[in-house]
């Protein structure tokens, strides 16, 4: 007996030592070894909801678990949901240390009584451990012990409220949702802060078995669980009798599963720039796009393309920018995102294509900075350029015609390619390249000699978004801003504006204003495009419409004082589209989108610097002289007013009897003075193909010889003297007349071109080419 007592004492001592050691080990493990806080990071938990500038949902981007979730703090969670969750999952949460001994005893008794595992005794803290453990383990006793130990550690690391917030943001609620905010918005269409007791109990039912209580498939089971939780809430004092009865009778408005999918090209563009725009994963991203405008513009695109059915035009893209901020209000990349047959998911707004004459306003702004003026005249004559060594190609204008002497104002307003190529020769190539690069237009030849051909060749590539942004710089007086697609992001720290780079001064304000003045010149627009031009909107709009039909590209880009709109139409495969023009195809769509974008905005006037208005010859661009039959007002920036008076128009005495020059010996009644144009030699081939013949140097044989030399008139040294009128721009009235012109020593009657005829020059003519 004494031996038995001895051994019992020794065994008891050993057991006490072991228990003490285990208790000490648990204490050390819990208090001295911290919980891995890296497990609590929410970087991969929250999905990202993208919304428009007014908060309308555009798309939810799933988290790393493939689910949708929105991280919210405690103040954004309904108290009813907290009470319902505690009643359902762990009503002793606020009093236990992470492991509930009473729950373990109860679960053990139930499991032994039923002969199966019915209750796991997991506290809410233990469930959170399972959710955050990066390496979940099978449900064994050892794993359960580890889970309990980690739960004790977690309680040491976080407050009860922090644990609750972590749980409610991570718990699975079924149908790809994690966290109460995403679940509340999916099932009930409201934030988690606005839940009633009945709605809170409904959501609290789901984490126990997201599949088993899936409201879309097992709604009745979910409601039974909800009613059970309402009873628990009443039992634990969270609901009084009246509130319980009201919650039981409440009707839940569970809505169908709907995930937003709006403005897909805009959202994809924003997501591609995610790393650039935010460093911390946000819960919500507020984009600059106006969803209402986006939808209406998409409808306009579809309507215009339907009207062009059979023309070969299959696709269109649209960009709308706010001039003041550079924000992207609308981006449409194709006819329809869902149209797989014509590559609808391809974004035509960001795809780089051959720009052609759409670059002209930028080139002219650079030219004006270099001292060129809108009054300067450039030959619009048949021209060939060298694309590659030994290869010459003809250059044509959109209308296939050549107008001879053309002022740069007219050349830009009508998008004439040949004068623009000739203007390029006068520019500083390195400076222009720098200006374009500052606007992030970089896909151009490194050799300046290749710049002219690059306006025709397919190597140069620019996107509609890039071009529209460059035009917006002109609208701002030469100041460029990068197109902005994100306004703000919302993280756990709250809403914050996205940092935006500063603006860049590209062109001088006066030079940008000159380009704007030309592109918004309604008189020129009506004269070239007719009174029904789609670009005559009733308020100031600066716009250029061009076609690069050989590449299947049709553009119209322009701006009011408030917004800039870019439109492209054509084919994604770049196949030629024949005889269509930008004016016919792209301008009407531009007009309708501009009208939508302006909306209720009050159209404003463009800023107008202190231009100097001077009367210039409409043909030569010099100051109008006494012999100029047509003068027009031109605007010049300070210091650029021309001093030279027109010497193209000269008055010459003609013997009416034979059409030769009248000398001093001609009888006065036989002499008549006529105005001729002294054209530079560059126009000789052009004039010959138009039937314009030079006045003969021979004197009239019917006049007596007096020995006096004939009066020399300025301009007679020119190689080509043709009879006025010769305006390349139309003027009022029709003047199809026949004139007598002296030719090569003998009189002949020849047709001399008039103002109207100058508009009918055919591009098919093949004179000896002028080469660039």
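Residue numbers (the working numbering): 14 to 785.
Each residue gets a CB set at the ideal place from its N, CA and C atoms; glycine is no exception.
Treat the numbers as computed from the prediction; the structure is a model and nothing was measured.
So, using beta-carbon positions, are residue i and residue j closer together than 7 angstroms?
i: residue 483; j: residue 375; result: yes
i: residue 522; j: residue 571; result: no
i: residue 426; j: residue 534; result: yes
i: residue 524; j: residue 653; result: no
i: residue 602; j: residue 580; result: yes
i: residue 600; j: residue 547; result: yes
i: residue 617; j: residue 494; result: no
i: residue 361; j: residue 350; result: no
i: residue 791; j: residue 485; result: Any answer about residue 791 is impossible in this case: the structure gives the chain only from 14 up to 785.
i: residue 707; j: residue 734; result: yes
i: residue 627; j: residue 310; result: no
i: residue 229; j: residue 219; result: no
i: residue 274; j: residue 72; result: yes
i: residue 306; j: residue 496; result: no
i: residue 648; j: residue 624; result: yes
i: residue 114; j: residue 168; result: no
i: residue 791; j: residue 261; result: Here the chain has residues from 14 to 785 only, and residue 791 is not among them.
i: residue 612; j: residue 584; result: no
i: residue 363; j: residue 206; result: no
i: residue 633; j: residue 390; result: yes
i: residue 387; j: residue 422; result: yes
i: residue 223; j: residue 189; result: no
Locate the alpha helix (DSSP H) running through residue i, then write down its first and last residues.
i: residue 232; result: 232-248
i: residue 370; result: It is not in any alpha helix (DSSP H) - residue 370 carries neither H nor E in the DSSP assignment.
i: residue 282; result: 277-285
i: residue 692; result: Taken as a continuous stretch (DSSP letters only), residue 692 belongs to no alpha helix (DSSP H), being part of the beta strand (DSSP E) at 684-692.
i: residue 601; result: 600-611
i: residue 312; result: 304-320
Go ahead and label residue i buried or exposed: buried means 16 or more other beta carbons lie within 10 angstroms of its beta carbon, across all protein chains shown.
i: residue 588; result: exposed
i: residue 786; result: Because residue 786 is not part of the residues shown, which for the chain are 14 to 785, the question remains open.
i: residue 193; result: buried
i: residue 430; result: buried
i: residue 586; result: exposed
i: residue 730; result: Interpretation of residue 730 is limited by its pLDDT of 48, a score under 50 that renders its predicted location unreliable; no figure is taken from the coordinates.
i: residue 396; result: buried
i: residue 419; result: buried
i: residue 82; result: buried
i: residue 172; result: exposed
i: residue 92; result: exposed
i: residue 268; result: exposed
i: residue 699; result: buried
i: residue 318; result: buried
Distance check for residue j and residue i, CA to CA, integer angstroms please.
i: residue 372; j: residue 481; result: 10 angstroms
i: residue 456; j: residue 478; result: 14 angstroms
i: residue 685; j: residue 640; result: 15 angstroms
i: residue 488; j: residue 331; result: 18 angstroms
i: residue 164; j: residue 89; result: 25 angstroms
i: residue 713; j: residue 697; result: 25 angstroms
i: residue 257; j: residue 221; result: 22 angstroms
i: residue 516; j: residue 693; result: 44 angstroms
i: residue 473; j: residue 405; result: 18 angstroms
i: residue 279; j: residue 503; result: 19 angstroms
i: residue 412; j: residue 325; result: 19 angstroms
i: residue 726; j: residue 663; result: The pLDDT assigned to residue 726 is 49, lower than 50, so where the model puts this residue is not dependable; a value taken from the coordinates is nonetheless given after this. If you take the alpha carbons of residue 726 and residue 663, they lie about 7 angstroms apart.
i: residue 140; j: residue 180; result: 8 angstroms
i: residue 545; j: residue 538; result: 10 angstroms
i: residue 204; j: residue 99; result: 20 angstroms
i: residue 208; j: residue 201; result: 9 angstroms
i: residue 568; j: residue 559; result: 5 angstroms
i: residue 199; j: residue 87; result: 20 angstroms
i: residue 304; j: residue 344; result: 10 angstroms
i: residue 367; j: residue 286; result: 24 angstroms
i: residue 666; j: residue 683; result: 10 angstroms
i: residue 528; j: residue 61; result: 43 angstroms
i: residue 507; j: residue 95; result: 22 angstroms
Between which two residues does the beta strand (DSSP E) carrying residue i extend?
i: residue 577; result: 576-583
i: residue 649; result: 644-649
i: residue 335; result: 328-335
i: residue 440; result: Element bounds for residue 440: n/a, residue is neither H nor E.
> What alpha helix (DSSP H) runs, 4 residues minimum, are completely inside the region 514-544?
Replying inline: Whole alpha helix (DSSP H) segments, 4+ residues: 522-532 and 535-542.
> In chain order, which continuous runs of the beta strand (DSSP E) of length 3 or greater are located wholly inside the region 374-418?
Replying inline: 390-393, 396-401 and 404-408
> Could you give the uninterrupted runs of the beta strand (DSSP E) lying entirely in the region 65-92, keeping only those of 3 residues or more?
Replying inline: 70-74
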